[in-house]
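Chains as they are written, first to last, in our numbering: chain L, 51 to 269; chain H, 2 to 212; chain A, 306 to 1075.
Quick reminder that beta carbons are idealized off the backbone N, C-alpha and C, glycines included.
A quick note: this is a predicted structure, and the numbers were derived from the prediction, not measured.
Below you'll find the structure, written out as structure tokens, and then a few comments.
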Amino acid sequence: MRYTGIHSLDNSLPGKSPGFVTPKRPALTGSARKIKDNVADWHNLMLKWENLNDSAFGLASKIVNLRVSLLSYEKMLVDDTSPTNENIHQDKEELERMCSELVDILQSMHQIQMKMEKLTSTFKGVCDLEAFQCRGEASCPVLFHTWPTSLFYETSQKMSDMYKKEMSLKRTIVGEIAHTPDQDLLMVYLSCWLYQPYVDNSIKVLLESMLLETGHRAI
Amino acid sequence: MSEAAALASVHQSFRQCFDIIEKQHEEWKLAIKECDSILVTLSNLAEQLQACNKVTFEKTPLSTFTDLQDRLYFKLKAAMDLTLEKLNDNMCSVQKVRDAVSHQVGAVLYVYELNMEKLGLDASLKRSAVSPSVADMLEWLQDIEKYYRNQYIRRKLLLQVNPDRLSEIQSLPRAWAELEDKSTAKQQLVEDTLLGVALFREAECEKDRFS
Amino acid sequence: MQRGHVSLTQEVVAGGTHVCMMDLGLKLLPLDHEDHGTQRCRLGPKAMSHLGAKIGFPILISLPSGSCLCTTWPRKDLSDGFLQIDTMCSTLPNSTLDCTSSGVCLSSLKVLNPIKLKKVTVKVVLRNLEVKLAISPAMLHDVVRDVLRNVYVLPGYVVKMTNDCPVGIVDIIDMDPVTDGAGLITAKTSVNIKETITLEWYKHTVDNAPQYKIAGMDEVFVSLCEIIKFPFQYQNTLTKLGLTCPKGLLLVGPPGVGKTLLVKAVASQVGAYLISLNGPAIHGSRPGESEENLRKHFERARDISRGGPCILFIDEIESLCPKRGSSSNAPENRIVAQLLTLMDGIHSDNKMVIVAASNRPDAIDSALRRPGRFDREVIIGTPTLGQRRAILEVLISSMPVSSDVDVGVLADMTVGYVGADLTALCREAAMQAVFQVHQDNSDNQVTRTHFYEAIKKIRPSTARSAIGQVEFKPIHWEQIGGLEDVKRLLKQCIEWPMKYPEAFLRMGLTLPKGVLLYGPPGCAKTTLVKALATSCHCAFFSVSGADLFSPYVGDSEKTLAQLFRQARASTPAIVFLDEIDAIVGCRSEGKTGSGVQERILSVLLNELDGVGLKTTERRGKQKLLEGSDNNCHNEPVEFQEVINKSVMIVAATNRPDVLDDALLRPGRLDKLLYIPPPDEKARLCILKICTNNMPLHHDVCLESLAADTTFYSGADLHNLCKEAALVALQESELQATCVKQEHFQKALASVPPSLKARDLLSYKKLQGYT
């Protein structure tokens, strides 16, 4: 964000002219092309992640509800032995099924996260390439409006770090969600899942600014 | 202006007022319903926040994530702020209904006051098969206006809870619903009144058409 | 109203049937449910047109108990002759109307002109404390505006809300513009909230107790007020100084001096909410119940204190918090512990002060009596002369008293009376007056004689159940023959200090502590003391060995100590120890070390000349006791009060030789008075007094009798006269009308003198020795 501030000052004059949109050269080539595609991928990946997260949350809350009812049932068992095991069996099977489903979703989320990391490394590659091309020169060329290529890399790095951390949190939660008897903790797990504490609210801004810079969004 | 003319103008303002109340009442119900769901969300958030405060993260499998508690708390708080904002917007539209009704009823009273002398007491008290007496309708309007004002301030007061008092927030939806229950008799009041004046309004419409 | 009258007359002229519509009663009916809180009153159409009332316009209804401001509406069924009132805005004390009363006259209804108000000033009463804490000022303003919207008000009227509103009552203090019309509060009226209080406080202020009158405790009152006011008034300053305010105060004093009254008076003076708490209300049967009750009371006090200053008053705290350890009583120990915790839990920012009262401070757990709990202890003693005077003045001020009643004299006579006693005294005097009025229809004023009658009946409560309190027939100095020297000396030692203290002080004399009267038996030692007690109005305690000795170890000493404590509580006092040789004996006689007599002697010596008084026995102003430089203004009363602190000991014995030397030194029994056997002149006096009521034959020569009766003591002479009279009766077989000389001679032969020359010699020796 810092960079945009400074650079947009430099470029403010041409930017002012009406109808001036992202350099809409019909065929972007090379690094620019790559970066633009990557940014679009980022956008899509995040959407996918959100979708998966939502469905996983649905599952997780079902699991928690089942757990709670099972727990209360177990408590009842201690008090008196009412013979409705059948239902319990069903519930337990259901629980198992959902857990495995959740693990599956987690797996695909993991894949998305891997893809994010791959995107970041691509940015890194572009950066390195550019550094190689422009070595000796005072400054690297600005491919789009204001951002130097390295900023894309840094931003992407930041975002992917968030998801990485979030991923590990989710993994822990999936591991524990079906095993804790503490209802408060269950609640914490759920809210962690839903609100993704490691994915900062600023990530939207980061993504939007990348989209803006690369011309996916009109100014 | 004769007595009949005075009565006619008073009746006309009544009709206009009832028309507006009918419209506003729909909006009122809509806004209240919206608030219902927002409050449920709010109460959920409060519950999660409570759980977040209660659990000692160091003793759970989450202990590896050192700043998790703060981050989660922050996220939840942010979500809560957002919800409160939405609630506020809704309350604004509720307030608008109240103000519109108050204004309209005030206008009717003004018209009545202007024509009071000419109308005379007897005419104000006369009822017919189609139309309730002027006094009755004035009374109903006053009741309705008071009902909206009362409900608004009551609900507004209910929402004055400190955002840090989570258990209170958690019980908000119930208190909100109770408010509704308590006032069902009066909620009916608006609808009943509208029903009661339905014939009158129709008759007035007819008159308009003929004139 | 005017218009109403006009239309009425027209009606009467025109119709003739409505003879007097204005006087016609309307039947008061209970209000319909849905009209509650709408400020409507329901009238019939005819009544409306008679009054000239317009629909929805204000009308003032005057009822016997107050007036209501309502808006006029027709009844739903349009029937006449009935009236229904919503008392939302009224001056009625309570919200429910008594509908059973007779009808309301139409003339008590008055149509008012509506005036749109620019501004209204109100006092808001909130339903409870939670509301007060939860609601923000802006929100409160909104709520009050809303509840008052479209309501007609008048200054001084009270607007009551329906139950589900957080605002319970709104007092209309002022409105602008003030007219004779009813003010209508519209959306444009600015509402000024002057004060916000809770309902509980409102009720407290509304039914405020009558003003308490206290007197004679000005100093304590002022200092108590300060202690209680300080945290409330100078909160900011105190916090700036980093001080925590004192929050506990212990009042100590004997029963009846007005501890409870003082606290009540202070509470009403400071405007604080007083919560009383007493032992029986706390103690519960279930384990833990007592602590719970205690907590509940504190919780309530804390809640109230958030609304304003609050005093939690614990009466008879010694019953609630007895000394731990001594009583092996677990529940009580738990209560003490709970009280300690609760007292420590009071924050200094709480507007709450705890005041406890006790008359046995020694029985209170010592953990309570330290700064942080009961920071201050205020001792209220039995009232001194000046204080009694002040109290009597206050009490008498509300009574029709005739001019012959001198408050000063009354105060002088009521030694040892506490406030409660004085109240009882005045009541008794009034009763006497009432009684007299009943008998002979004289004018009902309370006179001096009534008071004197009452004094006979009402004994000071300190003296009740006291040891050594005696009743005796008053004896005047004149009834004792001879002994003029002794009488003069006694007066000098005892009566003077009590009657003319300023003279003593002027001459720099210390007051004598005690007097020992010794002399042969039967020489009027006891009678002299009685005369003494009669002549100077002071408390008189008399003890003998029988009062003191008890089979329990330590009991006798305790009794003696208590006697002195009581005497000090009702100074000026005389303690008379008859036959003191039997009570204390002598230490040097080589008896076994731990005799009762020796222990009593040591108690006596200490009481006579101990280091000082116990602090709890302090009376009057503390400064005077400490002897600081307060004596700039020389008022006799103050001197008297200084002197009045003394207890005079008078001891009598006929064996002064066995008394302990320590007892006889100056500072203890510093005046030894020998009461000699009567000489001839004295004997003559005695005989005259003894035969005063006896019909003597003219041949009786008292002078010669006096000359013949050497070694006869006063008692002997008394006996002699009696004997002579008996002889006379005997001889004439109960027909005798007078006593002759021969009878005396016969009696003289049969009654030997009780004194012996040897005994007298030993007394003489002792006198010379001193």
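Check	Outcome
Rounding to the nearest angstrom, what Cα-Cα distance links R16 of chain H and V102 of chain H in this structure?	13 Å
Using a Cβ-Cβ distance under 7 Å, would I580 of chain A count as near chain H?	no
Relative to chain H, which residues along the region 236 to 260 of chain L have a C-beta separation below 7 Å, given in chain order?	M237, V238, S241, C242, Y245, P247, Y248, N251
Taking beta-carbon pairs under 9 Å, can you tell me which members of the region 135 to 162 of chain H lie near chain A?	V135, A136, D137, L139, E140, Q143, D144, E146, K147, R150, N151, Y153, I154, R155, K157, L158, Q161, V162
Cβ closer than 9 Å: which chain L residues qualify as neighbours of V56 of chain H?	D232, D234, L235, M237, V238
What is the residue span of the beta strand (DSSP E) that D1021 of chain A lies within?	Note, D1021 of chain A: premise wrong, no beta strand (DSSP E); alpha helix (DSSP H) at 1019 to 1036.
Taking Cβ positions only, does P164 of chain H come closer than 7 Å to chain L?	no
Residues of chain A with a CB under 9 Å from the CB of L126 of chain H: which are they?	P350, M353, I360, P379, L383
Mind pulling the chain H residues with CB within less than 7 Å of P442 of chain A?	The contacting residues do not exist; P442 of chain A stays about 12 Å from chain H at best.
Run through DSSP, which three-state label would V791 of chain A get?	helix
Would you mind telling me which residues of chain A sit closer than 7 Å to M117 of chain H, beta carbon to beta carbon, in chain order?	K359
Enumerated in chain order, which unbroken segments of the beta strand (DSSP E) with a length of 3 residues or greater are wholly contained in the region 659 to 743 of chain A?	681 to 684
In the DSSP output, which residue or residues are listed as bridge partners for W243 of chain L?	W243 of chain L pairs with nothing; no bridge assigned.
If the cut-off is 7 Å on Cβ atoms, which residues from the region 198 to 219 of chain L count as contacting chain H, listed in chain order?	L219
Starting from the C-beta of L799 of chain A, find all residues in its chain whose C-beta is less than 8 Å away, skip the five residues before and the five after it, and write them out in chain order.	Reading the sequence as shown, one finds Ile at residue 799 of chain A and not Leu. Around I799 of chain A: P817, V820, L837, C841, I879, M953, V955.
Do V56 of chain H and L219 of chain L have their beta-carbon atoms positioned less than 7 Å apart in this structure?	no
Against chain H, with Cβ distances strictly below 7 Å, would T196 of chain L count as a contact?	no
Based on Cα-Cα distance, which residue from A:H755, A:S1018, A:G677 lies nearest to D711 of chain A?	A:H755
Spatial neighbours of R75 of chain L within its chain, please: C-beta separation below 8 Å, excluding the five flanking residues on both sides.	Reliability fails at R75 of chain L, whose pLDDT of 49 lies under 50, so the model's placement of it is uncertain and the value that follows must be treated cautiously. Contacts found: none.
In the DSSP assignment, what are the bridge partners of T377 of chain A?	A:C346
Quick one: list the residues of chain A neighbouring L122 of chain H, beta-carbon separation under 7 Å, in chain order.	P350, M353, S354
Alpha carbon to alpha carbon, how far is W29 of chain H from S94 of chain H?	8 Å
Counting only Cβ pairs nearer than 7 Å, list the residues of chain H close to A439 of chain A.	Q161
Enumerate, from N- to C-terminal direction, the unbroken alpha helix (DSSP H) stretches of 4 or more residues contained entirely within the region 581 to 660 of chain A.	584 to 587, 594 to 610, 622 to 625, 635 to 650
Compare the Cα-Cα distances from S707 of chain A to each of A:V751, A:G677, A:V683, A:L715 and report the closest residue.	A:V751
Give the straight-line distance between the Cα atoms of L1066 of chain A and H1002 of chain A, rounded to the nearest whole angstrom.	37 Å
Taking 7 Å as the threshold (beta carbon to beta carbon), is V448 of chain A in contact with chain H?	yes
Less than 7 Å between C-beta atoms, sequence neighbours within five positions excluded: which residues of the same chain meet that for L46 of chain H?	L77, A80, M81, T84
Per DSSP, Q389 of chain A forms a beta bridge with which residues?	A:L334, A:R347
Starting from the beta carbon of Q49 of chain H, find every residue of chain L whose beta carbon is closer than 9 Å, and list them in chain order.	M237, V238, L240, S241, L244, Y245
D391 of chain A CB to nearest chain H CB: under 7 Å?	no
Contact criterion: CB-CB distance below 7 Å. Does D340 of chain A meet it with respect to chain H?	no
Would you list, in sequence order, the uninterrupted alpha helix (DSSP H) runs of no fewer than 4 residues that lie entirely inside the region 419 to 443 of chain A?	434 to 439
Closer than 7 Å between beta carbons: that is the criterion. Which residues of the region 97 to 108 of chain L meet it against chain H?	none
Helix, strand or coil, according to DSSP, for P363 of chain A in the structure here?	strand
Using the three-state DSSP reduction, which class does L160 of chain H fall into: helix, strand or coil?	coil
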